[in-house]
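*Asks:*
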Amino acid sequence: MIVRMWEARAEPYGVADLITWVCDTALPEFEHDPLHVASEVFSSTDHRVVVISKWRSSPRGLPEPPARLVARPPHSWDFTQVDR
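Residue numbers (full-length UniProt numbering): 1 to 84.
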């Protein structure tokens with residue numbers, strides 16, 4: 001399993017709008033992909049929105065959010081579980 005973490009810093013006035021865009025526009029684009037397992041959306045007090053998505057393989061990226069909603073371009077990282 002691969003976990004992709006996507007993070008964007010919203011404009012201070014745009015956190016709610018960025019969350020709405022993620023939930024209503026971005027996530028539905030890949031939720032029906034057979035390789036997609038699940039996704040969760042988080043927000044922080046410093047205007048960040050984070051999406052954690054789990055994939056069987058070949059994770060897909062979120063589309064670019066509208067520029068008016070973000071203070072800087074989003075970043076993403078892929079992780080795999082560590083056996084311990």
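Ideal placement from N, C-alpha and C gives every residue a C-beta, glycine not left out.
Fair warning: this is a prediction, and the values are worked out from it, not measured in the lab.
Can you tell me which residues form a DSSP beta bridge with A8?
*Replies:* DSSP output for A8 lists V49 as bridge partner(s).
*Asks:* What residue does the beta strand (DSSP E) around T80 start on, and which one ends it?
*Replies:* Unbroken beta strand (DSSP E) run through T80: H75 to T80.
*Asks:* Beta carbon of I2, beta carbon of P74: below 8 Å?
*Replies:* Contact: no.
*Asks:* Can you tell me whether V51 is buried or exposed, with buried defined as 16 or more other CB within 10 angstroms of its CB?
*Replies:* Buried.
*Asks:* Would you kindly report the start and end of the unbroken beta strand (DSSP E) that includes A16?
*Replies:* Taken as a continuous stretch (DSSP letters only), A16 belongs to no beta strand (DSSP E), being part of the alpha helix (DSSP H) at V15 to W21.
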